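full-length UniProt numbering puts the first residue of the sequence shown at 1, with every later residue one more than the last.
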Amino acid sequence: MLRPSFPIPPSEITAESLYLDRRRFLMATGGLIAATMLPDAEAAALATRPSRFSTGEDKNSWEQITSYNNFYEFGTDKGDPAQNAGSLKTRPWSVRVEGECEAPKTFDIDTLMKLAPLEERVYRLRCVEGWSMVIPWVGYSLSELLRQVKPTSKAKYVEFVSFADPKQMPGVRRPVLDWPYTEGLRIDEAMHPLALLCVGLYGKPLPNQDGAPVRLVVPWKYGFKSAKSLVKIVLRETQPATAWNKAAPNEYGFYSNVNPEVDHPRWSQANERRIGELLRRKTLPFNGYGSEVAGLYKGMDLKKYF
Numbered sequence: 001m002l003r004p005s006f007p008i009p010p011s012e013i014t015a016e017s018l019y020l021d022r023r024r025f026l027m028a029t030g031g032l033i034a035a036t037m038l039p040d041a042e043a044a045a046l047a048t049r050p051s052r053f054s055t056g057e058d059k060n061s062w063e064q065i066t067s068y069n070n071f072y073e074f075g076t077d078k079g080d081p082a083q084n085a086g087s088l089k090t091r092p093w094s095v096r097v098e099g100e101c102e103a104p105k106t107f108d109i110d111t112l113m114k115l116a117p118l119e120e121r122v123y124r125l126r127c128v129e130g131w132s133m134v135i136p137w138v139g140y141s142l143s144e145l146l147r148q149v150k151p152t153s154k155a156k157y158v159e160f161v162s163f164a165d166p167k168q169m170p171g172v173r174r175p176v177l178d179w180p181y182t183e184g185l186r187i188d189e190a191m192h193p194l195a196l197l198c199v200g201l202y203g204k205p206l207p208n209q210d211g212a213p214v215r216l217v218v219p220w221k222y223g224f225k226s227a228k229s230l231v232k233i234v235l236r237e238t239q240p241a242t243a244w245n246k247a248a249p250n251e252y253g254f255y256s257n258v259n260p261e262v263d264h265p266r267w268s269q270a271n272e273r274r275i276g277e278l279l280r281r282k283t284l285p286f287n288g289y290g291s292e293v294a295g296l297y298k299g300m301d302l303k304k305y306f
């Protein structure tokens, strides 16, 4: 079995019980309170409208969503992002969109916040590690941004590049992955209305540990496909290399659609644990979004192109 160039101990990826013990201690001492607060300048509620894409399932709490995170730029433990992400400066911030397009452009975060009406989209999130949440994101379809730069006929893929600064992100000081974090989609996936350019959570701007100030959310794929703290989007003719696929190509495919019939080499994907629940539940194909997105993969062998 292939392993990442810089292997991560399984305990650092999936030790949920150890994390929960640590979190209980931090909650008892008040350690998580300051870590999940928004800066005063960003505390104002965002003006949103409901979305037809939202699930009616019960949402996970703010505390759960902001304290149980994978964001390796701030550490590999689930509690590290909430503890360490306060060092991230999210203003000023800009995202460059370039590559195979007629009108490449740099968008500052305030422009992105106003580019299209903001919607609250309550999406299921399924992590490749076997846990899940239901999260009320705020944003708009990524296609709204991509249309601004007028993709050419050569734009077959879209690459997403995350911010990586060892001064602000202690995890970047370790070679856990090939920094900066990169992800990618086919252009038709990126243009699908479910693919979300996300700027908020629970009606407020994104907390740092959840990918502030702007991130991708692709609800039918495993969570690691949804790159955080974006600084660059590149339209490409060829498939881009992506962070986890480079680290362990037999474990993390380019597509990484949620598929209960394709196990991770080290654990089953047939079921999942919803954070906050005791019993496991069956994992849904495409995370329950099959009626909307299955057509994108018609005729493809989804076990080969996992």
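C-beta atoms are modelled at their ideal positions from N, C-alpha and C, and glycine is treated no differently. Model, not experiment: these values are computed from the prediction.
A straight-line Cα-Cα distance of about 8 Å links Trp62 and Leu201. Around the CB of Lys114, fewer than 16 other CB atoms lie within 10 Å, so the residue is classed as exposed. Looking at Ala103, Arg236, Pro175 and Asn271, the one whose alpha-carbon comes closest to that of Lys150 is Ala103. Under DSSP, the beta-bridge partners assigned to Tyr123 are Ile135.
Gln209 is positioned such that its CB atom lies closer than 9 Å to that of Asn69. Here the alpha carbons of Ala294 and Leu185 stand approximately 15 Å from one another. In this structure, the beta-carbon distance from Phe71 to Lys228 falls below 9 Å. Between Ser54 and Tyr123, the gap from beta carbon to beta carbon is short of 9 Å. Our two residues, Leu296 and Gly171, have alpha carbons roughly 35 Å apart in a direct line.
Taking the Cα positions, Val176 is about 9 Å away from Thr76. Counted as a single uninterrupted DSSP element, the stretch harbouring Lys232 is not any alpha helix (DSSP H) but the beta strand (DSSP E) occupying residues Leu230 to Arg236. Straight through space, the alpha carbons of Ser291 and Trp220 are spaced by roughly 11 Å.
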